[in-house]
Ligand code: HEM
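Residue numbers (mature numbering (1 follows the signal peptide of the UniProt record, and there is no 0)): -24 to -1, 1 to 356.
Here it is as structure tokens:
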């Protein structure tokens, strides 16, 4: 089946975009570290970003039906209270559309937060894009992830309307030899070795978390930009190609994930020694995604994706692929720069991005103060 055939097969067409928002830090109380001149404590973060991904996830995008700022504050607080119940891993993110004036938040929009634009090759279904809020609920089993997402929906009540949802899984969900999360995607390739180490706090401060003094609103410190892309795979087209061709497309071995021309998964590809693409082609996914030059070091992103499988479309073709998820400190420097560089990559003919959006994952909350999530954003 050709890529175009996927379009007729089940993905509704139309090009569109949308967006949403997040919370703020409370003023330092007297006697706190900053009041006494000591270094302030690091900003808290939500779970579900650098924490190891459990095997199952539900993604649900919502529009907010409430119209007043205090209703929004109460809504985020209620959702946050569900998120705070261990062992829950609920991550709440806000889209650019939340800052459209309904709640008087226009001047608090994170600097890089826009509606996700269409990229070359995208065929975006407006019904599967954007949303004022994104809820990512992760758990060890599909039933637990679903129960968690349902608990969030109950807490939200009529203050939200569901826009779209996606159910994801990581079927191997193992770790690389150095302990970072990895999975095998539905194309059969190991995914995760090129990620920065989420357990390395300094690297996460450099690449993932919004810090103070970065031109972002004060409330956003401790949050992170989240990108979700719903990407359908042309499985029949892919499976018709020999493994050698598939390996050229990614630039890694299918069996063990090693970069072509190297021995082990964690070996670094050496592009300087391979300027013409003899070992790893110039249009290979990993080479385009991360050219590994000093100039592109700060463009690295933290990927935390899930596979999806949604049966077959009306024409009998499998509807499955990747819920691509990534987090970064600066959406433009990270995802958008990489996505533009991927234009024309060899992988393009096997994939169809049809949904998703841009969000900002709220900073976390300190301790278990009820109603706290999003407080920094919504406090007048
Ligand atoms: C279409 C679906 C996609 C598939 C099947 C896919 C698969 C893979 C695989 C198998 C790897 C190699 C293993 C690894 O380094 O973790 C990889 C690496 C990577 N991918 Fe993707 N990917 C997809 C989309 C994207 C998108 C949309 C982006 C960002 C815009 C992206 C960014 C990256 C990055 C940054 C790396 C690491 C490269 C390195 O450091 O060497 N990928 N991907």
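All residues carry an ideal CB built from backbone N, CA and C; glycine is no exception. Remember, predicted model here, so these are calculated numbers, not experimental data.
1. Where DSSP assigns a beta bridge to residue 203, which residues make up the other side?
2. Are the beta-carbon atoms belonging to residue 163 and residue 209 less than 8 Å from one another?
3. In the region 124 to 192, which residue ranges form an unbroken alpha helix (DSSP H) of at least 4 residues, counting only runs that do not cross its ends?
4. Among the residues of its own chain, which have a CB less than 7 Å from the CB of residue 47, if the five just before and after it don't count?
5. Is the beta carbon of residue 314 within less than 7 Å of some heavy atom of the ligand NAD?
6. Please go through the same chain and pick out, in chain order, the residues whose beta-carbon is closer than 7 Å to the beta-carbon of residue 288, but skip the five residues on each side of it.
7. In this structure, does DSSP put residue 279 in helix, strand or coil?
8. In its own chain, which residues sit with a C-beta less than 6 Å from the C-beta of residue 347, not counting the 5 before and 5 after it?
9. Have a look at residue 79 and residue 43 and give me their C-alpha separation to the nearest angstrom.
10. By the three-class DSSP mapping on this structure, what secondary structure does residue 17 have?
11. Quick check: the Cα distance between residue 161 and residue 167, rounded to an integer number of angstroms?
12. Do you know how far the Cα of residue 34 is from the Cα of residue 127?
13. Give me the Cα-Cα distance between residue 74 and residue 41, rounded to the nearest whole angstrom.
14. Where does residue 105 land, buried or exposed, given buried means 16+ other C-beta within 10 angstroms?
15. Along the alpha helix (DSSP H) that carries residue 222, what are the first and last residues, could you check?
16. Quick check on the DSSP output: the alpha helix (DSSP H) that includes residue 34 runs from which residue to which?
17. Helix, strand or coil: how does DSSP classify residue 233 here?
18. Sorted by chain position, which residues of the same chain lie with C-beta nearer than 7 Å to residue 158's C-beta, five sequence neighbours on each side aside?
19. Any heavy atom of the ligand HEM inside 7 Å of the beta-carbon of residue 265?
20. Answer yes or no: the CB of residue 147 versus the heavy atoms of the ligand HEM, is any distance below 7 Å?
21. To the nearest angstrom, report how far apart residue 83 and residue 49 are at their CA atoms.
22. Within a Cβ cutoff of 6 Å, which residues of the same chain sit near residue 259, ignoring the five residues on either side of it in sequence?
23. Hey, out of 58, 57, 60 and 93, whose CA is closest to residue 71's CA?
24. Report the three-state DSSP secondary structure of residue -24 (helix, strand or coil).
25. At a cut-off of 7 Å, would you count residue 323 as near the ligand HEM, judging by its Cβ distance to the nearest heavy atom?
The answer reads as follows:
1. The residue given as residue 203 occupies position 227 in the chain shown. Beta-bridge pairing links residue 203 to 302 and 334.
2. Translated into positions along the chain shown, residue 163 becomes position 187. Translated into positions along the chain shown, residue 209 becomes position 233. Yes, Cβ-Cβ distance for residue 163 and residue 209 is below 8 Å.
3. 177 to 183
4. Taking the first residue of the chain shown as position 1, residue 47 is located at position 71. Around residue 47: 135.
5. Absence of the ligand NAD is noted for the structure shown, with the ligand HEM being the only ligands found.
6. Along the chain shown, read from residue 1 onward, the residue named residue 288 stands at position 312. Once the five neighbours on either side are set aside, the close Cβ partners of residue 288 are 294 and 295.
7. The residue you call residue 279 lines up with position 303 of the chain shown. Reduced to three states, the DSSP call for residue 279 is strand.
8. Locating residue 347 in the chain shown gives position 371, counting from the first residue. Excluding residues within five positions, the ones whose Cβ falls inside 6 Å are 53.
9. In the chain shown, residue 79 corresponds to position 103, counting from 1. In the chain shown, residue 43 corresponds to position 67, counting from 1. Roughly 7 Å between the two C-alpha positions.
10. Position 41 of the chain shown, counted from the first residue, corresponds to residue 17. Of the three classes helix, strand and coil, the one that applies to residue 17 here is coil, per DSSP.
11. Within the chain shown, residue 161 is the residue found at index 185, counting from 1. Within the chain shown, residue 167 is the residue found at index 191, counting from 1. Distance between the alpha carbons of residue 161 and residue 167 is about 7 Å.
12. Here residue 127 refers to the residue found at position 151 when the chain shown is read from its first residue. Here residue 34 refers to the residue found at position 58 when the chain shown is read from its first residue. Going from the Cα of residue 127 to the Cα of residue 34 covers about 12 Å.
13. On the chain shown, residue 74 is found 98 positions in, with the first residue counted as 1. On the chain shown, residue 41 is found 65 positions in, with the first residue counted as 1. Distance between the alpha carbons of residue 74 and residue 41: 11 Å.
14. Reading the chain shown from its first residue, position 129 is the one you call residue 105. Counting Cβ neighbours within 10 Å, residue 105 comes out buried, since at least 16 surround it.
15. Within the chain shown, residue 222 is the residue found at index 246, counting from 1. Per DSSP, residue 222 belongs to the alpha helix (DSSP H) from 219 to 226.
16. Residue numbering aside, residue 34 sits at position 58 when the chain shown is read from its first letter. That residue, residue 34, is in no alpha helix (DSSP H); its beta strand (DSSP E) goes 32 to 40.
17. By one-based count along the chain shown, residue 233 stands at place 257. Residue 233 falls in the coil class under three-state DSSP.
18. To locate residue 158, count along the chain shown from 1; it is residue 182. Correct list, in chain order: 150, 151, 152, 166, 167, 168 and 169.
19. Here residue 265 refers to the residue found at position 289 of the chain shown. It does: the Cβ of residue 265 is within 7 Å (strictly closer) of some heavy atom of the ligand HEM.
20. Taking the first residue of the chain shown as 1, we reach residue 147 at position 171. Not under cutoff, so the answer is no.
21. Within the chain shown, the letter at position 107 stands for residue 83. Within the chain shown, the letter at position 73 stands for residue 49. When rounded, the distance between both Cα atoms is 17 Å.
22. For this step, residue 259 is matched to residue 283 along the chain shown. The residues are 321 and 322.
23. Looking up residue 71 in the chain shown gives position 95. Per the Cα distances, 93.
24. Here residue -24 is taken as the residue at index 1 of the chain shown, counted from 1. Caution is warranted here: a pLDDT of 46 is assigned to residue -24, below 50, making its placement in the model unreliable, and the coordinate value is therefore given only provisionally. Here DSSP, grouped into helix, strand and coil, assigns residue -24 to coil.
25. Here the question's residue 323 lines up with position 347 in the chain shown. For the ligand HEM, at least one heavy atom lies less than 7 Å from the Cβ of residue 323.
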